[in-house]
Amino acid sequence: MNPTTAHQFDTEFAPRIAQAIQNVIGPDAHVRLEPYAGPERPTTLTITASIAERVRGARHPLNLRMTWDECEIASLTEHNGPQRFEHYLEALPRKLAAWQAARDFDLATRSQAEPFVLLGNLDLEG
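The sequence shown begins at 29 in this note's numbering and counts up by one.
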């Protein structure tokens, strides 16, 4: 990835994604942004939290990592990139709800079936 594009994503876009997710999950979750550090270490949003309440079964505390597709990140610099990004932010609550069912994590209880969940190569579509 172009280092300039990566830096722009890390400073202008990723913090807004982190804040939008924090707003959905609430103050009891920890949302941490790890900036781009090379091809094998993309910009990563890590979301962790202790389990909110007792849950049945072998549930683990919330431990999600999110990364985005490099081509999607680069597309934010195109003419309609800022508008696409605004639509993405608006869609994040719906996207998070869909990802919960598909990846077996639960934001309400801040738990998940597996010890670690990666939501990788995400698009930036609204």
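Think of the CB as a built atom: it goes at the ideal place given N, C-alpha and C, for glycine as much as any other residue.
Using 8 Å as the threshold, is the C-beta distance between residue i and residue j below it?
i, j, result
"Asp38", "Pro63", "yes"
According to the neighbour-count rule (16 or more other Cβ atoms, all chains shown, within 10 Å of its Cβ), is residue i buried or exposed?
i, result
"Gln140", "buried"
"Thr71", "buried"
"Leu146", "exposed"
"Pro130", "A small fix is needed here, since residue 130 is Ala in this sequence, not Pro. Flag for Ala130 reads exposed."
"Ala65", "exposed"
"Ala126", "exposed"
Please report the straight-line C-alpha distance between residue i and residue j, rounded to a whole angstrom.
i, j, result
"Phe144", "Thr95", "14 Å"
"Phe133", "Pro121", "14 Å"
"Glu155", "Ala42", "Absent from the structure is residue 155, since the part of the chain shown begins at 29 and ends at 154."
"Ala102", "Ile53", "27 Å"
"Gly154", "Glu106", "16 Å"
"Thr3", "Arg82", "Past the boundaries of the shown model lies residue 3; the chain is included only from 29 to 154, so the question cannot be answered."
Short of 6 Å in beta carbon distance, which residues of its chain neighbour residue i, apart from the five on each side in sequence? Order them along the chain.
i, result
"Leu117", "Ala48"
"Ser78", "Pro89"
Once the 5 residues before and after residue i are set aside, which same chain residues still bring their CB inside 8 Å of it?
i, result
"Ala80", "Asp56, Ala136, Thr137, Arg138, Ser139"
"Pro110", "Leu104"
"Asn30", "Ala102"
By alpha-carbon positions, which one of the options ends up nearest to residue i?
i, options, result
"Glu114", "Arg44, Met29, Asn149", "Arg44"
"Gln50", "Ser103, Leu124, Ala102, Arg82", "Leu124"
"Asn91", "Ile75, Thr105, Leu61", "Ile75"
"Asn149", "Asp97, Gln111, Pro121", "Asp97"
"Leu152", "Asn108, Gln128, Glu142", "Asn108"
"Arg93", "Thr105, Ala34, Glu40, Val59", "Val59"
"Gly46", "Leu73, Thr33, Ala34", "Strictly speaking, residue 46 in this sequence is Ala, with Gly absent from that position. Nearest C-alpha to Ala46: Leu73."
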